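Q: Mind looking over this structure? Questions follow.
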Amino acid sequence: MSTIPSLPVPGEQQFPRRLLHYIAAHPALRSWALSPPLLSILLLVLIVRQGGLVVDVEDDGRDKLVSIVYAMMESIFSMTVRTLSLSAVTRTDELPWSLFRNHTPRHVPSQESQLSDVRPRIGSRKSTNLEVNGHLHHNLDKDHLDLPEVLIVTGLENASGPVQMKMCDYLTKKRVEARVENEDRVWEFEPVVVWVRREGAEVPWWVTDHFMCGTTVDPFAMDKPPRGLRPGAIIPQPYLKTLSLLLPYTHIHASISMHISNLLSAITTHPSLHSAITSRAVRAFPIYVRAHRLLVGDFTLPHLFEVKLHQQDSEGVGSQNKKGLGGGTGGVDSWNIIAGEEPDVNGLRQEGNEEDFDGWHVMPANVQGVWNVLMAHRVKKRREREEVMWLVKGPAHGGRRSAPGGSIDDILNEIIRTI
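Letter by letter, the sequence shown follows residues 1 to 419 of UniProt numbering.
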């Protein structure tokens, strides 16, 4: 009988390979062959928690990709997930209610075919579009409304301007407001949003700006989630929290900061590109660089911090009879509750006299590692006439002409190679 590898300690040698091996070898996944690139991007998004992920896909592969992301988030990270399908006929008054998950329908038949908002079984995708039942929000048990930790959105590119604006307003304010039985109520709304977008769709920049990461995938090259997957905590949320807590101790040298600034300037002044390099993107970029350093680089954790990780791991695994997120065999079941507190590097110097703990620095390779993921969905090619006009009217310092017919990836690779 094969032995399950242990959850690797952040910073140890070959950490990303060991982490992916730990996930892939876990018996709870039933030998599901995961997509390492997609899983790696999801890890980045979950560690940073600033901005969502947009995944471009051909239209006929959308449903399969939704089921894959749903299964990853629920079975690997034990997060509550909601799928939301928007369309051109979705109304703004429907939008707030469509964000809630696991409603208890009232005054509607109990047959599964008539419920448009029950949690889908992993590996399948049940419609959650409110246009299926335009009066669904009147049937909700408004005493038991639950917002998800992960929201998978499809059709946002097809939604009307007012619906897109409303959705962006929720993401900006991080709250949802709705009137319930003559009472105004407010819910905190900070999910990880994964937007499965039709490849080639034209979308306003102000919508795209809420999604820090972007990628294009071929779902037909991926395996479907196997039947019988259950919610679990192969990677416990406190483990991700640990990585997030280490971000401030991942330093960026002034020379790397200047390098990042030059790269972003090169995009905004490139004659072949339209770009949306906003203040939100500029602020988030270095944080994702830090997260990449944590995932792929070696570093030594302070002793007491590592001890806390091992204590939480052993105590969590020993709690096999608890219910809830992370419970059961091999579960961790809320490390922060079991251990009494979340591990926090802020207190290490006081607790263990770790005077020499100064953190670690990012490398240029970490900038390169997130470059295309953070930038490709924020740029598009200019038409030839626009490029000529840009060269005539462009910036005073001049611009560099790209190779004719170069793709966006080609141009981005040229920039990162030459700056």
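Ideal Cβ positions, reconstructed from N, Cα and C, are used throughout, including at glycine.
Here the structure is a predicted model, which means the values were calculated and not measured.
Would you say H210 and L171 are within 8 Å of each other, going by their C-beta atoms?
A: As a working note, residue 210 is residue 210 in the sequence shown. As a working note, residue 171 is residue 171 in the sequence shown. Cβ distance < 8 Å, so H210 and L171 count as in contact.
Q: Would you report the Cα separation of V57 and A178, rounded to the nearest angstrom?
A: Residue numbering aside, residue 57 sits at position 57 when the sequence shown is read from its first letter. Residue numbering aside, residue 178 sits at position 178 when the sequence shown is read from its first letter. Rounded to the nearest angstrom, the two C-alpha atoms are 33 Å apart.
Q: Can the beta-carbon of K166 be found less than 8 Å from the beta-carbon of L273?
A: As a first step, residue 166 is located in the sequence shown; it is residue number 166 there, counting from the start. As a first step, residue 273 is located in the sequence shown; it is residue number 273 there, counting from the start. No, Cβ-Cβ distance for K166 and L273 is not below 8 Å.
Q: Among the candidates R62, R30 and D218, whose CA atom is the shortest distance from the CA of P231?
A: Along the sequence shown, one-based indexing puts residue 231 at 231. Of the candidates R62, R30 and D218, the one whose C-alpha sits nearest the C-alpha of P231 is R30.
Q: With a CB to CB cut of under 6 Å and the five nearest residues on each side skipped, what residues in its chain are close to residue 434?
A: For residue 434 there is no data in the structure shown, the boundaries of the chain being 1 and 419.
Q: Could you check which residue in T80, T208, L295 and S98 has the C-alpha nearest to that of T242?
A: Looking up residue 242 in the sequence shown gives position 242. The residue with the shortest Cα to Cα distance from T242 is L295.
Q: Leaving aside the five residues before and after T216 along the sequence, list all residues of the same chain whose C-beta is less than 6 Å from its C-beta, in chain order.
A: For the purposes of this step, residue 216 is taken as residue 216 along the sequence shown, with counting starting at 1. So the list reads D56, once near-sequence residues are dropped.
Q: Opposite C213 in the DSSP bridges: which residues?
A: Indexing the sequence shown from 1 puts residue 213 at position 213. DSSP output for C213 lists L53 as bridge partner(s).
Q: So what's L273 in DSSP terms, helix, strand or just coil?
A: Walking along the sequence shown from the start, residue 273 turns up at place 273. Strand at L273.
Q: First and last residue of the beta strand (DSSP E) that includes R175?
A: In the sequence shown, the residue the question calls residue 175 occupies position 175. Unbroken beta strand (DSSP E) run through R175: R175 to V180.
Q: Would you identify the three-state DSSP class for L147, choosing helix, strand or coil?
A: On the sequence shown, position 147 is the one that residue 147 refers to. L147: coil per DSSP, three-state reduction.
Q: Ends of the beta strand (DSSP E) at L84?
A: Taking the sequence shown and counting its residues from 1, the one referred to as residue 84 is at position 84. Run containing L84: V81 to S85, per the beta strand (DSSP E) assignment.
Q: Could you compute how far the alpha carbon of H21 sits from the alpha carbon of T300?
A: Within the sequence shown, the letter at position 21 stands for residue 21. Within the sequence shown, the letter at position 300 stands for residue 300. Their backbone Cα atoms lie some 21 Å apart in a straight line.
Q: With DSSP run on the structure shown, which of helix, strand or coil describes V89?
A: Reading the sequence shown from its first residue, position 89 is the one you call residue 89. It is coil, neither helix nor strand.
Q: Could you give the DSSP three-state label for R383: helix, strand or coil?
A: Stepping through the sequence shown from its first residue, residue 383 is reached at position 383. Of the three classes helix, strand and coil, the one that applies to R383 here is coil, per DSSP.
Q: If I measure Cβ to Cβ from N158 and keep anything under 6 Å in the same chain, skipping five residues before and after, which residues do I get?
A: Taking the first residue of the sequence shown as position 1, residue 158 is located at position 158. Contacts found: S87 and A88.
Q: Where does the unbroken beta strand (DSSP E) through E183 begin, and where does it stop?
A: Counting from one through the sequence shown, the residue named residue 183 turns up at place 183. From DSSP, the beta strand (DSSP E) with E183 extends over E183 to E188.
Q: Are the CB atoms of V373 and G200 within a distance shorter than 8 Å?
A: The count along the sequence shown starts at 1 and reaches residue 200 at position 200. The count along the sequence shown starts at 1 and reaches residue 373 at position 373. In this structure, V373 does not lie closer than 8 Å to G200 by Cβ.
Q: Grab the span of the beta strand (DSSP E) containing V362 for me, first residue to last.
A: For the purposes of this step, residue 362 is taken as the residue at position 362 of the sequence shown. It is not in any beta strand (DSSP E) - V362 carries neither H nor E in the DSSP assignment.
Q: Which residues does DSSP list as the beta-bridge partners of W195?
A: Here residue 195 refers to the residue found at position 195 of the sequence shown. In DSSP, W195 forms a bridge with V54 and V153.
Q: Quick one: grab the DSSP three-state call for I234.
A: Within the sequence shown, residue 234 is the residue found at index 234, counting from 1. Correct three-state label for I234: coil.
Q: Skipping 5 residues on each side, what residues in its chain have a beta carbon closer than 8 Å to that of A5?
A: Mapped onto the sequence shown, residue 5 falls at position 5. Here residue 5 turns out to be Pro, not Ala, going by the sequence shown. For P5, same chain residues with a beta-carbon under 8 Å away, outside a window of 5 residues either side, are R18, H21, Y22 and A25 in chain order.
Q: DSSP has T242 in a bridge; who is on the other side?
A: Residue mapping note: residue 242 aligns to position 242 of the sequence shown, counting from 1. Answer is none; T242 lacks a bridge partner.
Q: What residues in its chain sit with their C-beta under 6 Å from that of R197, if we drop five residues either side in the sequence?
A: One-based indexing of the sequence shown puts residue 197 at position 197. Sequence-distant Cβ neighbours of R197 in its own chain, meaning closer than 6 Å and more than five residues away, are V54, D56 and E157.
Q: Is the CB-CB distance between A284 and G52 below 8 Å?
A: In the sequence shown, counting from the first residue as 1, residue 284 sits at position 284. In the sequence shown, counting from the first residue as 1, residue 52 sits at position 52. No; because the gap between Cβ atoms is not below 8 Å, this pair is not in contact.
Q: Quick one, which of S35, L42 and Q13 has its alpha-carbon nearest L240's?
A: On the sequence shown, position 240 is the one that residue 240 refers to. Minimum Cα distance to L240 is reached at L42.
Q: Please work out which residues of its chain come closer than 7 Å, Cβ to Cβ, to P162, disregarding the five sequence neighbours upstream and downstream, and give them in chain order.
A: Along the sequence shown, read from residue 1 onward, the residue named residue 162 stands at position 162. Excluding sequence neighbours, P162 sits near T92.
Q: For R82 and T418, what's the separation of their Cα atoms in angstroms?
A: One-based indexing of the sequence shown puts residue 82 at position 82. One-based indexing of the sequence shown puts residue 418 at position 418. Looking at the two C-alpha atoms, the distance is approximately 42 Å.
Q: What separation, rounded to the nearest whole angstrom, lies between the Cα atoms of S67 and K224?
A: Position 67 of the sequence shown, counted from the start, is the residue given in the question as residue 67. Position 224 of the sequence shown, counted from the start, is the residue given in the question as residue 224. Distance between the alpha carbons of S67 and K224: 8 Å.
Q: Out of K173, I256, R175 and L84, which one is the CA nearest neighbour of A365?
A: For the purposes of this step, residue 365 is taken as residue 365 along the sequence shown, with counting starting at 1. Nearest C-alpha to A365: I256.
Q: Determine the closest residue to V203 out of E149, R383, D184 and Q164, with distance taken between C-alpha atoms.
A: Within the sequence shown, numbered from 1, the residue matching residue 203 stands at position 203. Closest by alpha carbon: Q164.
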